[in-house]
Amino acid sequence: MSAVREHHLPNGLTLLCCRQAHLHSVHFGLYLKGGSLYEMKQNQGIGHLLEHLCFRGLGGLDHEALNQVQGRMGAELCGATYPEGIVFTLGALPRFFTDAVHLFRRFFTDVPWTEEQIAQEKQVVLRQLEQEEACFEDEVERRYRRTQEGAFPVMGTAESIEAMTPDTIRLWQRMVFQPQNACLCITGSFTKGMEAAAIALMSDLQNYTETPPFRQIMPLGFCCRDEHSDLVVDEEGGQAKVHLAFDIDPEVVFPLQSRVIDAVTAGNVDSLLFQELREERALVAEIESYIEETGAYQRLVITYDVRQEKLEESLRQVFTLIHRLRMYIRPVRLMLLRTQFTDNLSMMMDSAADMSEMMGWSWMAGDTSQCDLEAQSAMYDEMTVEDLLDAAQAIFRPENLTISVQKDPEVVGDLRGLLREVREMLV
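See below:
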């Protein structure tokens with residue numbers, strides 16, 4: 043089921059290939075480390091600016107020439123910046139395979155951007171910053187990503203963007219866009235000969251630094267949380283917002299187990315919290331959980347909005363139910379989820395884009411075994427209720443927990459006592 047082939051080229055580039063012969067297109071995903079996790083106060087937002095500049099000019103192609111190349115292939119190059127990296131994707135028909143590989147080679151061509159291109163793209167980013175609105179969820183996520191250097195927004199600030207010099211941009215261009223800092227994922231309809239051609243075309247690219255430039259460090263306080271990790275924001279009006287995050291120790295909990303625990307908790311409409319808080323008690327309109335991944339680190343996040351006057355009751359109910367999950371999980375629930383997750387893995391083979399994304403983020407997390415679908419399917423089959431209970435007890439612990447709440451101070455008073463109370467429910 044997996045069929046993912048992993049190639050480590052002499053220059054350090056990782057090439058992940060998954061042939062899906064029944065499809066009629068090829069999907070490319072280029073994953074590069076280098077986002078706000080690796081930035082500093084002075085250059086915050088530089089990864090996002092680099093992503094933008096690639097569309098202003100790429101390896102000697104100006105904006106117009108780049109559009110012409112995409113037009114000939116009937117394809118569109120897309121880019122996005124995340125805290126842990128920069129991603130470029132493109133889908134094309136198989137007959138344009140070699141053209142697409144040549145296009146991705148251009149990311150590593152040592153051609154600097156001109157001062158005019160830099161000035162123009164800075165203005166685009168500055169306009170984006172003017173339109174961006176700060177929100178509670180963004181602040182919560184930035185706090186989680188905090189390192190010794192700080193915690194910065196992906197786009198940086200107007201001051202940091204304006205202050206970036208061509209020399210600084212050039213330095214980071216050479217650090218980010220080099221083979222040892224990259225993974226190219228190819229999925230869809232291609233032959234072994236095409237795969238061999240891609241290996242040959244990407245093998246002669248050169249690095250600019252002796253060693254890989256970026257090493258992800260652990261978020262501050264990871265799996266060592268206490269009440270000082272919590273965040274309470276006062277905001278008048280609207281509903282209260284709750285964001286509960288549990289760090290997941292990768293040495294104790296396997297990724298597949300954490301995904302199943304997420305589904306049991308609030309990951310779908312059959313989950314415990316959804317059924318109890320929405321269907322039975324009507325405390326919330328919606329409640330959800332998901333696994334948030336930041337490179338090699340994961341946490342299980344539970345979020346919901348609630349009427350201000352029901353905030354304290356909802357927190358007690360949520361932690362009562364989480365405590366129950368540590369004690370008992372219905373065997374029939376595991377059977378249903380095992381089928382659901384296994385079916386999802388099979389369906390992924392029908393999407394080149396989904397396969398590429400899973401492969402790229404597995405590489406970003408430093409564990410490409412996560413994209414071995416055959417091994418994952420076997421692990422789901424072998425998983426027991428006891429395995430899930432062990433995982434739940436390892437995840438839902440007070441030292442893993444960060445509680446973030448946005449409330450109206452006119453309606454809800456001091457929450458410190460309640461937050462200590464609900465933490466103690468997980469001891």
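Each residue of the sequence shown is one higher than the last, beginning at 43 in our numbering. No residue lacks a Cβ here, since even glycine has one placed at the ideal position from N, Cα and C.
- Whole-Å CB distance - Gly169 paired with Asn442, under 8 Å assumed: Going by the sequence as given, residue 169 is Arg instead of Gly. Rounded, the Cβ-Cβ distance is 40 Å, inconsistent with contact.
- Going by beta carbon distance, what residues of the same chain come within less than 6 Å of Arg212, once the five residues before and after it are set aside? For Arg212, where only same-chain residues beyond five positions count, the Cβ hits under 6 Å are Pro154.
- Message: So if DSSP puts Glu335 in a beta bridge, which residue, or which two residues, is it bridged to?
- Response: In DSSP, Glu335 forms a bridge with Gln340.
- Message: Closer than 7 Å to a non-hydrogen atom of the ligand PLP - does that hold for the CB of Asn223?
- Response: The ligand PLP is not part of the structure shown, which contains no ligands of any sort.
- Taking Cβ positions, are Leu230 and Gln86 nearer each other than 8 Å? For clarity, residue 230 is Gly in the given sequence; the question names Leu instead. Contact: no.
- Query: Quick one, are the C-beta atoms of Tyr339 and Pro254 less than 8 Å apart?
  - Reply: Not a contact, by the Cβ cut-off of 8 Å.
- Assign Arg368 to one of three DSSP states: helix, strand, or coil. Assigned with DSSP and collapsed to three states, Arg368 falls in helix.
- Query: Just to confirm, are Ile293 and Leu461 a CB contact at a threshold of 8 Å?
  - Reply: One point to set straight first is that residue 293 is Glu, not Ile, in the sequence displayed. Cβ atoms of Glu293 and Leu461: not closer than 8 Å.
- Would you mind sorting Glu351 into buried or exposed? The rule is 16 or more other CB atoms within 10 Å of its CB. Flag for Glu351 reads exposed.
- Query: For the alpha helix (DSSP H) that contains Ala287, what are its first and last residues?
  - Reply: Per DSSP, Ala287 belongs to no alpha helix (DSSP H); it is in the beta strand (DSSP E), 282-290.
- Message: Give me the residue from Met397, Ala200, Lys75 with the minimum Cα distance to Gln173.
- Response: It is Ala200 whose Cα lies nearest to the Cα of Gln173.
- Can you tell me which of the three DSSP states Thr444 falls into? Here Thr444 carries a strand assignment [DSSP, helix/strand/coil].
- Task: Could you check how far apart the C-beta atoms of Ile344 and Ile437 are, in whole angstroms? I think they sit under 8 Å.
- Result: Between the beta-carbon of Ile344 and that of Ile437 there is about 11 Å, and that puts the pair past the 8 Å contact cut.
- Item | Own chain residues within Cβ distance below 6 Å of Leu357, not counting five before or after | The residues are Val464.
- Could you please give the first and the last residue of the uninterrupted beta strand (DSSP E) stretch that includes Phe130? Where Phe130 is concerned, the enclosing beta strand (DSSP E) stretches over 127-134.
- Query: How many Å lie between His365 and Ile333 at the Cα?
  - Reply: C-alpha of His365 to C-alpha of Ile333: approximately 19 Å in a straight line.
- Are the CB atoms of Leu247 and Arg148 nearer to each other than 8 Å? For Leu247 and Arg148, no; Cβs fall outside 8 Å.
- Quick one: grab the DSSP three-state call for Arg506. Here the chain covers residues 43 to 469 and nothing more, so residue 506 does not appear.
- Query: Would you call Glu322 buried or exposed, if buried means 16 or more other Cβ atoms sit within 10 Å of its Cβ?
  - Reply: So Glu322 counts as exposed.
- Item | Proximity of Met406 and Gly127 at Cβ, strictly below 8 Å | Judged by beta-carbon spacing, Gly127 lies within the 8 Å limit of Met406, meaning their Cβ atoms are closer than that value.
- Task: Name the two residues that bound the continuous beta strand (DSSP E) containing Ile228.
- Result: For Ile228, the enclosing beta strand (DSSP E) has its first and last residue at 224-230.
- Message: What does the alpha-carbon distance come out to for the pair Gln281 and Leu119?
- Response: Taking the straight line from one Cα to the other gives about 40 Å.
- Message: My parser needs the alpha helix (DSSP H) runs of 4 or more residues fully inside the segment 214-277; what are they?
- Response: Qualifying alpha helix (DSSP H) stretches, in chain order: 234-245.
- Task: Would you tell me roughly how many angstroms separate the C-alpha atoms of Gly455 and Asn249, rounded to the nearest one?
- Result: Roughly 57 Å separates the two Cα atoms.
- Message: Quick check on Arg439: does DSSP put it in helix, strand or coil?
- Response: Residue state, collapsed to three classes: coil.
- Buried versus exposed call for Ser388 [16 or more other C-beta atoms within 10 Å across all chains shown]: Under this definition Ser388 is an exposed residue.
- Query: At what residues does the beta strand (DSSP E) containing Phe70 begin and finish?
  - Reply: Residues 68-75.
- Item | Cut-off 6 Å between Cβ atoms - residues of its own chain near Gly309, not counting five sequence neighbours on either side | Cβ neighbours of Gly309 beyond the five flanking positions: Ser331.
- Where do the N-terminal and C-terminal ends of the beta strand (DSSP E) with Ala63 fall, by residue? DSSP places Ala63 outside any beta strand (DSSP E), giving it a letter other than H or E.
- Whole-angstrom distance between Leu171 and Met43, CA atom to CA atom: Model confidence at Met43 stands at a pLDDT of 44, short of 50, so the residue's coordinates are unreliable; what they give is reported in the following sentence. When rounded, the distance between both Cα atoms is 44 Å.
- Task: Give the single residue among Gln162, Val306, Arg137 whose Cα lies nearest to the Cα of Gly235.
- Result: Relative to the Cα of Gly235, the nearest Cα in the group Gln162, Val306, Arg137 belongs to Arg137.
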